[in-house]
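Trainee:
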Amino acid sequence: MPGILVVEDDENLNRGITFSLKKSGYEVFSAESVKKAKRIASDNNVDVTICDVNLPDGNGLEFVRWMRC
Numbered sequence: 001m002p003g004i005l006v007v008e009d010d011e012n013l014n015r016g017i018t019f020s021l022k023k024s025g026y027e028v029f030s031a032e033s034v035k036k037a038k039r040i041a042s043d044n045n046v047d048v049t050i051c052d053v054n055l056p057d058g059n060g061l062e063f064v065r066w067m068r069c
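So the sequence shown is residues 1 to 69, counted in UniProt numbering.
(1) For Gly25, which residues from the same chain have a beta carbon less than 7 Å from its beta carbon, with the 5 sequence-adjacent residues on both sides left out?
(2) Kindly indicate which three-state DSSP category Asn59 falls into: helix, strand or coil?
(3) At which residues does the alpha helix (DSSP H) containing Gly16 begin and terminate?
(4) Could you check how far apart the C-beta atoms of Asp9 and Leu55 are, in whole angstroms? I think they sit under 8 Å.
(5) Closest by CA to Ala31, which one among Asn45, Arg15, Leu21, Lys22?
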């Protein structure tokens, strides 16, 4: 199964997305900030990223650009 990274600072939304994906059998990694997301992405095999645009410590679009490099 693909590894999915959920980057969302809204705790309830993050938890709901993560729960639904895990229930469907996916390996899910969860982060509330760009800093944590970068650490998770560097340490794990992430195939898909679901990312909020406005995060407390950065921009989600910039994080996605970082992921593509």
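Where a beta carbon is used, it is the ideal one built from N, C-alpha and C, also for glycine.
In this text, all values refer to a predicted model and were calculated from it rather than measured experimentally.
Mentor: Answer, in terms of the structure:
(1) Met1, listed in sequence order.
(2) In the three-state reduction of the DSSP assignment, Asn59 falls in the strand class.
(3) 11-23
(4) 5 Å
(5) Between Ala31 and the set Asn45, Arg15, Leu21, Lys22, the nearest pair of CA atoms involves Arg15.
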